[in-house]
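Step one of this worksheet: look at the structure below.
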Amino acid sequence: MISPMEYVKAGLRRIFLIRFDHEDDIIKEVSALAVKERIKCAFILLVGAVSEAHMVVGSLNLKVPPTPMEALLKEERELIALGTLMWNKHKPVVHIHSSLGRGSTVNVGCLRGKCKVYLTLEGLIIEFEGLNCAKVFDENLGVPVTRFLKSNGELIKGIDSGGEGRE
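In the working numbering, the protein residues as written are -19 to 147.
Structure follows, in structure tokens:
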């Protein structure tokens, strides 16, 4: 049986306007900012260019767990990206999907590992308030997924339309 989509309501806490410099590592810098500013749950928007990017560009098949198709891109590419920032226990988890283009070639996928900025890159980190969530590894899917937590840190089993947890 497929479970229904889960959701919770949240407000906005803080918005960070960020700028990366040439050769900055995107995921490393966002993770460091999350630790420094104690950003627990946020949405990420990025625009700029990269000189190197490691990405997952799909699955080799439609099996669960997936077998990732990986690409290591080592030329300058324009970037537009969306992502989330959550925590798994004691460390931030940055999950960014991007479109990287060079000429008529476009790669779309999930940034993994090192991703170096070319010249400059700008973005927003939009932090949520009143939301307790985490990235938790799902044994059935074989990937980390977003989970909503009660204020005491317990996993909410399901979410109803009012945003209250149901057991």
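All residues carry an ideal CB built from backbone N, CA and C; glycine is no exception.
All values derive from a computational prediction rather than experimental measurement.
Count the other C-beta atoms from every protein chain shown that fall within 10 angstroms of the C-beta of residue i, then say buried if there are 16 or more, exposed otherwise.
i: VAL44; result: exposed
i: ARG(-1); result: exposed
i: TYR(-13); result: exposed
i: GLY89; result: buried
i: LEU52; result: exposed
i: VAL86; result: exposed
i: PHE128; result: buried
i: GLU144; result: Confidence at GLU144 is low in this model, with a pLDDT of 44, below 50, so the placement of that residue is unreliable and no value is reported for it.
i: ALA14; result: buried
Hey, quick one: how far does the beta strand (DSSP E) through residue i stretch, first residue to last?
i: LYS71; result: 71 to 82
i: SER131; result: Per DSSP, SER131 belongs to no beta strand (DSSP E) and is neither H nor E.
i: LEU13; result: LEU13 -> not in any beta strand (DSSP E); alpha helix (DSSP H) instead, spanning 6 to 17.
i: GLU208; result: Since the first and last residues shown for the chain are -19 and 147, residue 208 lies out of range.
i: LYS115; result: 113 to 118
i: GLU109; result: 85 to 109
i: HIS34; result: 22 to 39
i: PRO48; result: 48 to 53
i: LEU65; result: 57 to 68
By Cβ distance below 6 Å, which residues in the same chain neighbour residue i in space, the five residues on each side in sequence not counted?
i: HIS75; result: GLY63, THR64
i: ARG(-6); result: GLU107
i: MET66; result: CYS21, VAL73, CYS113, ALA114, LYS115
i: GLY142; result: With a pLDDT of 43 at GLY142, under the threshold of 50, the modelled position of this residue cannot be trusted; read the value that follows with caution. Contacts found: none.
i: GLU58; result: ALA29, GLY81
i: LEU40; result: THR47, MET49
Which residues in the same chain have their Cβ closer than 7 Å to the Cβ of residue i, if we skip the five residues on either side of it in sequence?
i: GLY122; result: VAL44, PRO45, PRO46
i: SER11; result: PRO72, VAL74
Check whether the Cβ atoms of residue i and residue j lie closer than 7 Å to each other.
i: LEU104; j: LEU25; result: yes
i: HIS34; j: LEU99; result: no
i: SER31; j: GLU9; result: no
Ignore the nearest five residues each way along the sequence and tell me which others in residue i's own chain have a CB closer than 8 Å to its CB.
i: VAL27; result: LEU59, ILE60, ALA61, LEU101, GLU102, GLY103
i: SER131; result: ASN112
At a Cβ threshold of 7 Å, is residue i touching chain C?
i: ASN132; result: The chain labelled as chain C is not found in the depicted structure, where only one protein chain is given.
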